[in-house]
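Worksheet: one structure, shown below.
In the numbering used here, the protein residues as written are 31 to 331.
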């Protein structure tokens, strides 16, 4: 009986040792897979960094404007990861965001500019347009470029109207590119179309007056105005519309989202496109690439 028990003990010991060897081998394989995944992820990051670095060598700036509808998509689901994926798909240097929430219940009490900055790996700045339901609502800038100074400019409005702002940042791109101002805004909208147009026109005049002394500049945003409207005529007196070739940016309101660039400096428009994504928000994102050519004016190739 003792010998039999000893045999069982010996067999159990052998099985235990075998199990440990298998577990160690499996752990080694798992670590190997993780290391491969980490290397692949690192390589993908290097590839993305390489694109940005290559763009810098070509003296380019990649700009996106996107009204994110506080992160709520056409399915009425608030999903900032989905918004971030759209942003990252264009590998932008600068992003102008409109309809951004900060600590609002409807969007999960998130600081949306900060969350999107983290998800895209970009610096963020937020400008409050109005206090809303215990939180804040406004616009934001995301940037891969160093920002020297940031300002919020209040825009004119009628008594009782929704406050509107412009957010500006002075950018220091380096790599042979000059410092310039990037501005983001969201102009008036209300049911009274005639009054809304008057207010937008006043807001456009204020923006033009402010930016005239800030050349070179790029202005982006949701203007709530059609291309042939008075506000757009005001804004394009000193700036070129980079979005002439694209279609509607909102299913109901038409083309109301724009990227404009200063006529007096050396930016040239290399590319503009409407990103074909209409699920993450009720607006299409608009994307442009600019090339710096100090000998030329800001005109399209």
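C-beta: ideal position from N, C-alpha, C; glycine also.
Tell me which residue opens and which closes the beta strand (DSSP E) that residue i is part of.
{"i": "residue 402", "result": "Outside the modelled stretch of the chain, which goes from 31 to 331, sits residue 402, for which no answer is possible."}
{"i": "residue 96", "result": "90-97"}
{"i": "residue 190", "result": "From DSSP, residue 190 is part of no beta strand (DSSP E); its letter is neither H nor E."}
{"i": "residue 304", "result": "297-304"}
{"i": "residue 182", "result": "177-184"}
{"i": "residue 200", "result": "195-201"}
{"i": "residue 215", "result": "210-216"}
What is the rounded straight-line gap between the Cα of residue i and the Cα of residue j?
{"i": "residue 192", "j": "residue 99", "result": "16 Å"}
{"i": "residue 264", "j": "residue 234", "result": "6 Å"}
{"i": "residue 258", "j": "residue 284", "result": "12 Å"}
{"i": "residue 251", "j": "residue 204", "result": "25 Å"}
{"i": "residue 130", "j": "residue 167", "result": "6 Å"}
{"i": "residue 227", "j": "residue 218", "result": "8 Å"}
{"i": "residue 125", "j": "residue 224", "result": "31 Å"}
{"i": "residue 55", "j": "residue 150", "result": "Note that residue 55 scores a pLDDT of 44, beneath 50, so its modelled location is shaky; the value from the coordinates is reported in the next line. Spanning the two alpha carbons is a distance of roughly 37 Å."}
{"i": "residue 262", "j": "residue 187", "result": "17 Å"}
{"i": "residue 304", "j": "residue 171", "result": "19 Å"}
{"i": "residue 322", "j": "residue 245", "result": "14 Å"}
{"i": "residue 190", "j": "residue 90", "result": "42 Å"}
{"i": "residue 77", "j": "residue 121", "result": "Because residue 77 sits at a pLDDT of 34, beneath the cut-off of 50, its placement in the model cannot be relied upon, and the point is left open."}
{"i": "residue 123", "j": "residue 232", "result": "30 Å"}
{"i": "residue 95", "j": "residue 222", "result": "26 Å"}
{"i": "residue 175", "j": "residue 128", "result": "20 Å"}
{"i": "residue 266", "j": "residue 282", "result": "24 Å"}
{"i": "residue 236", "j": "residue 159", "result": "16 Å"}
{"i": "residue 70", "j": "residue 105", "result": "Here the model assigns residue 70 a pLDDT of 34, short of 50, so the residue's position is not dependable, and the following value carries that caveat. Distance between the alpha carbons of residue 70 and residue 105 is about 33 Å."}
{"i": "residue 230", "j": "residue 238", "result": "12 Å"}
{"i": "residue 152", "j": "residue 173", "result": "5 Å"}
{"i": "residue 293", "j": "residue 135", "result": "42 Å"}
{"i": "residue 211", "j": "residue 315", "result": "21 Å"}
{"i": "residue 247", "j": "residue 163", "result": "34 Å"}
{"i": "residue 144", "j": "residue 169", "result": "12 Å"}
Apart from the five residues on each side of it in sequence, which residues of its chain come closer than 7 Å, Cβ to Cβ, to residue i?
{"i": "residue 275", "result": "302"}
{"i": "residue 280", "result": "286, 312, 313"}
{"i": "residue 118", "result": "150"}
{"i": "residue 103", "result": "109, 112, 309, 310, 311"}
{"i": "residue 97", "result": "128, 129, 252, 287, 311, 313"}
{"i": "residue 278", "result": "284, 285"}
Are residue i and residue j touching if we call contact CB-CB under 8 Å?
{"i": "residue 108", "j": "residue 137", "result": "yes"}
{"i": "residue 195", "j": "residue 177", "result": "no"}
{"i": "residue 290", "j": "residue 256", "result": "no"}
{"i": "residue 142", "j": "residue 206", "result": "no"}
{"i": "residue 269", "j": "residue 299", "result": "no"}
{"i": "residue 209", "j": "residue 201", "result": "yes"}
{"i": "residue 165", "j": "residue 154", "result": "no"}
{"i": "residue 180", "j": "residue 161", "result": "no"}
{"i": "residue 197", "j": "residue 157", "result": "yes"}
Considering just the uninterrupted stretch of the alpha helix (DSSP H) at residue i, what are its terminal residues?
{"i": "residue 263", "result": "260-265"}
{"i": "residue 226", "result": "223-241"}
{"i": "residue 145", "result": "142-150"}
{"i": "residue 116", "result": "110-118"}
With a CB to CB cut of under 6 Å and the five nearest residues on each side skipped, what residues in its chain are close to residue i?
{"i": "residue 324", "result": "296"}
{"i": "residue 254", "result": "217, 219, 286"}
{"i": "residue 307", "result": "116"}
{"i": "residue 139", "result": "133"}
{"i": "residue 318", "result": "93, 272, 289, 302"}
{"i": "residue 114", "result": "146, 149, 150"}
{"i": "residue 215", "result": "196, 251"}
{"i": "residue 260", "result": "231"}
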